[in-house]
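Visitor:
Protein chains: 4
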Amino acid sequence: MPKPPPGRLGDVLGFEITEFDDERVVGSFEVTDAVRQPFGIVHGGAYAAMAESMASVATYFAVASDGSIAVGQNNDTSFLRPVSEGTVSATATRRHRGRTSWIWDVEFSDGAGRPCALARVTIAVRPNPAG
Amino acid sequence: MPKPPPGRLGDVLGFEITEFDDERVVGSFEVTDAVRQPFGIVHGGAYAAMAESMASVATYFAVASDGSIAVGQNNDTSFLRPVSEGTVSATATRRHRGRTSWIWDVEFSDGAGRPCALARVTIAVRPNPAG
Amino acid sequence: MPKPPPGRLGDVLGFEITEFDDERVVGSFEVTDAVRQPFGIVHGGAYAAMAESMASVATYFAVASDGSIAVGQNNDTSFLRPVSEGTVSATATRRHRGRTSWIWDVEFSDGAGRPCALARVTIAVRPNPAG
Amino acid sequence: MPKPPPGRLGDVLGFEITEFDDERVVGSFEVTDAVRQPFGIVHGGAYAAMAESMASVATYFAVASDGSIAVGQNNDTSFLRPVSEGTVSATATRRHRGRTSWIWDVEFSDGAGRPCALARVTIAVRPNPAG
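Residue numbers (our numbering), protein chains in the order written: chain G, 1 to 131; chain R, 1 to 131; chain D, 1 to 131; chain X, 1 to 131.
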């Protein structure tokens, strides 16, 4: 995928998106201090942010050819199990492709394959104001 | 408030929590590249993460004296308006104080005072496994 | 407010909407069997449905004069306390008035004024297909 | 499954749960006036209520043998497509089985198999106060 500019949130938190198309996105991040909260486990916001990145990038590229843009509208993330080290893997699956919104589910698992978070992300699709 | 260890998510993204008690939390972050997504606006995950930090810290300190711990359970954030520069201010208000969960609403506004995001965060309260 | 047709969901469950404008809605329902689940407490779906009705009606009438329609998009309801009898009161407050979506918070309390549920409802605003 | 008492919400709205175990629930409802809103389409609260019923019953029976009870905690339902007649089918799939909460996803489709709503329901699991 196209590289986003360095120094942005996804770069600072170490997010990697390794595959995406208009139905599925795969990514991961390492559990470094940059994604930890004060007690050493992964910060809930890291999962929410990763889910947002994955759903946004896939929707963005899918609707661009129609002259539309993708704008995050809602992010609902549930935390299932604390993770303190290793790699967190994430898979996003598209659940709805509407004219004005797409919905994605994102599942996170730890290095042992245990589920650690679930996110549902709604991305609004709007006409590109640039025409 | 007690300073969390440096280099953690809140530190890396520049979150400041300036006041908190068991009913209300006030904080802010500057719009630097660390909280931006590739197109230069604030990443949705930055709002979700800030809301999570605010609700967690306030619940954590409130329940500690009962020998309980606070664990993030759900974070539902809606994005209202894109912000690309300045300071984002956040106020969290407790909406529910149950035996097993607390619920907080967090409102975000930009430098001109316009609402830019709304979050609802559910924090589970559990007996401290350390006793 | 204009009376909806009899026999519809709000009528069957006994919902009363007593006041509304484009910022606030007030209503209530009696705890009869029609809103109870098998164990005799108010069914979670009754709160969600009442919140949906309140947010929808207020947004619908507010945007009609612009030639727009209101369509429910998301309903997120948290349950705080079981209620088994009496009257449930509900107040909806508008939290966001965007061009394409409105967000409402709805608080429910029992006959003793204790909070029993909290809902956040997102209503999409779209051009009226009828022109 | 055991028949709930007549006249309760699920009965009044015509919900049928035809199969359930601790991982999956199948059900449906007919689009009668009892589930319609004033404009004749299925009320958003009908989907939320059906999802709540499905997740609750399956969790309730699954945890009863451990001496635990199931209590609805959160219901987040997104509406994808209006439905005005026919049968709405619903399938609930368990996504998380934790010690203190279970999470279910519920998909709704119309008579032509088109997705019409998606719900995520969190059920709290607590010790039975009756011992």
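Think of the CB as a built atom: it goes at the ideal place given N, C-alpha and C, for glycine as much as any other residue.
#1: Taking Cβ-Cβ distances shorter than 8 Å, what residues in chain R pair up with residue 74/X?
#2: Please go through the same chain and pick out, in chain order, the residues whose beta-carbon is closer than 6 Å to the beta-carbon of residue 63/X, but skip the five residues on each side of it.
#3: Any C-beta of chain X within less than 7 Å: which residues of the stretch 15-40 of chain D qualify?
#4: One question on the structure: do residue 77/R and residue 119/R come within less than 8 Å of each other, judged by their Cβ atoms?
#5: So, are the CB atoms of residue 51/X and residue 12/X less than 8 Å apart?
#6: Of all the CB atoms in chain R, is at least one closer than 8 Å to the CB of residue 59/G?
#7: Have a look at 7/R, 92/R, 3/R and flag the residue whose alpha-carbon is nearest the alpha-carbon of residue 117/R.
#8: Nearest to residue 31/X by CA position, among 15/X, 22/X, 24/X, 20/X, is which residue?
#9: Tell whether a beta-carbon distance below 8 Å holds between residue 88/X and residue 29/X.
#10: Roughly how many angstroms lie between the CA atoms of residue 94/X and residue 22/X, to the nearest whole one?
#11: Pull up the DSSP beta-bridge partners for residue 72/D, would you.
#12: Residues of chain X with a CB under 8 Å from the CB of residue 78/G: which are they?
#13: Would you decide whether residue 128/X is buried or exposed? Buried here means 16 or more other CB atoms lie within 10 Å of its CB.
#14: Judging by CA-CA distance, which residue of 83/G, 49/G, 122/G, 82/G is the nearest neighbour of residue 8/G?
#15: Would you mind sorting residue 66/D into buried or exposed? The rule is 16 or more other CB atoms within 10 Å of its CB.
#16: Within 10 Å of its beta-carbon, does residue 84/R have 16 or more other beta-carbons around it, so buried, or fewer, so exposed?
#17: For residue 29/R, which residues does DSSP report across the bridge?
#18: By the DSSP assignment, the beta strand (DSSP E) with residue 109/D in it spans what residues?
#19: What in chain X is Cβ-close to residue 4/G, meaning under 9 Å?
#20: Hey, would you say residue 122/X sits closer than 8 Å to residue 109/X, going by beta carbons?
#21: Name the chain X residues that come within less than 9 Å of residue 115/G, Cβ to Cβ?
#22: Per DSSP, residue 93/G forms a beta bridge with which residues?
#23: Sorted by chain position, which residues of the same chain lie with C-beta nearer than 7 Å to residue 27/X's C-beta, five sequence neighbours on each side aside?
#24: From this set, 25/G, 56/G, 68/G, 33/G, which residue's C-alpha is nearest residue 130/G's C-alpha?
#25: On the DSSP bridge assignment, give the partners of residue 36/X in chain order.
#26: In whole angstroms, give me the CA-to-CA distance for residue 112/D and residue 47/D.
#27: Cutting at 6 Å between CB atoms, please list the residues of its own chain near residue 75/G, excluding the five before and the five after it.
#28: In whole angstroms, give me the CA-to-CA distance for residue 56/D and residue 72/D.
#29: Return helix, strand or coil for residue 9/G, following the three-state DSSP convention.
#30: Alpha carbon to alpha carbon, what distance is there between residue 44/D and residue 45/X?
#31: Please classify residue 36/X as buried or exposed, where buried requires at least 16 other C-beta atoms within 10 Å of its C-beta.
#32: Run the CB neighbour count on residue 10/D, radius 10 Å, all protein chains shown included, and call it buried at 16 or more, exposed below.
#33: May I ask you to report which of helix, strand or coil DSSP gives residue 65/X?
#34: Go through its chain and collect everything with a Cβ distance to residue 114/R's Cβ below 8 Å, but skip five positions before and after it.
#35: Quick check: the Cα distance between residue 142/G and residue 86/X, rounded to an integer number of angstroms?
Guide: Taking the geometry as given:
#1: 74, 122
#2: 70, 125
#3: 33, 34, 35, 36, 37, 38
#4: yes
#5: no
#6: no
#7: 92/R
#8: 15/X
#9: yes
#10: 8 Å
#11: 123/D
#12: 96, 103, 120, 122
#13: exposed
#14: 49/G
#15: exposed
#16: exposed
#17: 15/R, 88/R
#18: 101-109
#19: By Cβ distance, chain X contributes nothing, its closest Cβ being about 28 Å from residue 4/G, past 9 Å.
#20: no
#21: 95, 96
#22: 24/G, 105/G
#23: 15, 16, 17, 18, 50, 54, 90
#24: 68/G
#25: 42/X
#26: 17 Å
#27: 48, 52, 121
#28: 7 Å
#29: helix
#30: 10 Å
#31: buried
#32: buried
#33: coil
#34: 81
#35: As displayed, chain G neither begins before 1 nor continues past 131, which places residue 142/G out of reach and without an answer.
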